[in-house]
Amino acid sequence: MHPMYTAIAANILFPLHERLKHHTTVAVHRGMEEAQWWDTKRLQALQLERLCALLTQAQVHVPYYRELFGRIGFEPLSMASLNDLARLPFLTKVEIRSHLEQLKADNATGLARFNTGGSSGEPLIFFIGRERVSHDVAAKWRATRWWGVDIGDPEIVVWGSPIELGAQDRVKQLRDKLLRTKLLPAFEMSAHKLDGFIGEIRAMRPKMLFGYPSALAHIARHADERGIAMNDLGIKVAFVTSEALYDHQRSQIEKTFGCPVANGYGGRDAGFIAHQCPAGGMHLTAEDIIVEIVDPQGRVLPHGESGEIVVTHLATGDFPFIRYRTGDVGVLDDQPCPCGRGLPLLKAIEGRSTDFVVAQDGTVMHGLALVYVIRDLPGVRQFKIVQESLALTRVLLATDSQFDEANIGKILSGIQQRLGSEVRVEIERMDEVPKEKSGKYRYVVSHVVPSSGINSDRRSTT
Ligand SMILES: [Zn+2]
């Protein structure tokens, strides 16, 4: 590899690409490299200033918010502190779906339509303007550099969204080639495909990996089973995102590839919310995103308490995301990170809300409770637990020759212990557990809605 190439890619090719797309990524990134070291007070002052600007833009140019602010008598310029944000109602997926056109700013430029499957399996269509793209890319770029790698370093991306693959037009392919990114589709993970992936990773000798934790852990485990070393390639870091990262996945990836795992949290809809630094802190992208933690009644909770993550993305003037309910659960930390960055920390992401299952007596529990029943049984290759109703849970199970059939009884009783003794558990054996349409792998899917008191449709339109 030419050591100069990364410098050329990061300093010339990537900036040129972004400029051609009318993105201001380079300037935004430069600002973020500085602001990450600011103290809390200065970061909050920046947030308040940008929040006022966003709300003013929304009031003047976005029909949905013009109507809303008028109705509740909200005046953006009267905001005295960030706490005033709580005077505004939440933005839910239901609201976005029913006001898609009214949420577009009349002065928006380059709006692009996006579509996310959403962890609930409910598709959400929304729009993203150029400003927001620049900010999200810049935040990702900054977090990449925390790990001693940069845009332009050879990268293997294990991803599976059909949208992304479909949108791979010639420009994107050229971009990937220039920036030395190679995509391995995560839809299909047959043994044959995995052998191919391992060969491609070995041939490329990437500096970084990027993908779903389940997919990277799956490849790692396969390499182990084949007895193929992957820790001699000079991989510096494995970036994972988009799913809960389990400890067993982290240790598998770290062991096999011989590099640390860096966890990222965010989404197409909510933005680049937080990313781990090498000191272990999950830093919020505080310049762009205000995070609130709320209880099931919608009240803002103090630091240290667990609740739903609500985000306001400050670079969304073209299609505002203001107090957007993510459906994810997390805790804010008020301790500083040993790395010295002032960006506040997200202490824990306890899982996507749909990772929760509901027992017959109404107890809501993390899907991990069921995952533990199956995960550590020898010979289990893949599984998926689908809670169809309070009365029926299905387990899709792919095993190999090491699997002891006596463990079927353990799975049945383990699930009944947690969900209730009357629950019917159906076990379906198969060679490959099918993935979600997005290519993501989900261990637990629940179709039971917990009666948590969260009412997603608080504002009915008249
Ligand atoms: Zn840190």
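Going left to right, the sequence shown walks through residues 680 to 1141 as my numbering numbers them.
Cβ coordinates follow ideal geometry from the N, Cα and C atoms, glycine included.
The structure presented is a predicted model; accordingly, all values stated were derived computationally and were not measured.
Taking the alpha carbon of E922 as the reference point, which residue from L912, P892, L858 has its own alpha carbon closest?
P892
Contact between the segment 956-971 and the segment 981-994 (3+ Cβ pairs under 8 angstroms):
yes
Using the three-state DSSP reduction, which class does H778 fall into: helix, strand or coil?
coil
Here's the rule: buried if 16 or more other CB atoms are within 10 angstroms of the residue's CB, otherwise exposed. What is H982?
exposed
Beta-bridge pairing of V919 - partner residues as DSSP gives them
G890, N942
Meets three-Cβ-pair contact criterion under 8 angstroms: the segment 761-769 and the segment 1011-1027
no
What does DSSP give as the partner residues of R1057 in its beta bridges?
The residue asked about is misnamed: residue 1057 is Pro in this sequence, not Arg. Its beta-bridge partners do not exist; DSSP assigns none.
Please identify the residue among D1013, A965, L873 whose C-alpha is closest to the C-alpha of L630.
Absent from the model: residue 630. The displayed extent of the chain is 680 to 1141, so no value can be given.
Hey, P957 and W826 are a contact pair by Cβ (cut 8 angstroms); roughly how many whole angstroms apart?
About 6 angstroms separates the two Cβ atoms, so the contact holds.
Out of curiosity, what's the CA-to-CA distance linking L1076 and Q1061?
6 angstroms
Which of helix, strand or coil does DSSP assign to T685?
helix
Can you tell me the Cα-Cα spacing of V1065 and I1087, whole angstroms?
16 angstroms
Let's see if you can read the secondary structure: which residues bound the beta strand (DSSP E) around Q1081?
Neither: Q1081 is in no beta strand (DSSP E) and is coded neither H nor E.
Using alpha carbons as the reference points, say which of K1026, V816, T719 lies closest to D1012.
K1026
What three-state label does DSSP hand L725 in the structure shown?
Shown here, L725 sits in a helix according to DSSP, grouped into three states.
Using the rule of at least 16 other Cβ atoms within 10 Å of the residue's Cβ for burial, across every protein chain shown, is E712 buried or exposed?
exposed
Cβ pair count under 8 angstroms reaching 3, the segment 883-890 against the segment 914-933
yes
Given a cut-off of 8 angstroms on the beta-carbon distance, is the pair D995 and R811 in contact?
According to the sequence as given, residue 995 is Thr; it is not Asp. Yes, Cβ-Cβ distance for T995 and R811 is below 8 angstroms.
Sort out for me which residues DSSP pairs Y1003 with in a bridge.
L770, V990
Can you tell me which of G831, A714, L767 puts its alpha carbon nearest to the alpha carbon of K691?
First, the residue type needs correcting, since residue 691 is Ile and not Lys in the sequence shown. The shortest Cα separation from I691 among G831, A714, L767 belongs to G831.
For I830, write down the residues that DSSP places opposite it in a beta bridge.
Per DSSP, D832.
Please work out which residues of its chain come closer than 7 angstroms, Cβ to Cβ, to F693, disregarding the five sequence neighbours upstream and downstream, and give them in chain order.
I830, G831, L858
Our contact map puts F998 next to L767 with C-beta atoms below 8 angstroms; I'd like the distance itself, whole angstroms only.
With a beta-carbon spacing of about 16 angstroms, F998 and L767 fall beyond the 8 angstroms limit used to define contacts.
For A706 and chain C, any beta-carbon pair shorter than 8 angstroms?
Among the protein chains of the structure shown there is no chain C, as only one such chain exists.
Inter-residue Cα distance where the pair is F936 and L863:
When only Cα atoms are considered, F936 and L863 end up about 16 angstroms apart.
Straight-line Cα distance separating K872 from I835:
15 angstroms
What number of angstroms, rounded off, separates the C-alpha of R1138 from the C-alpha of F753?
Legend: pLDDT at R1138 = 28, less than 50; position of this residue unreliable, no value from coordinates given.
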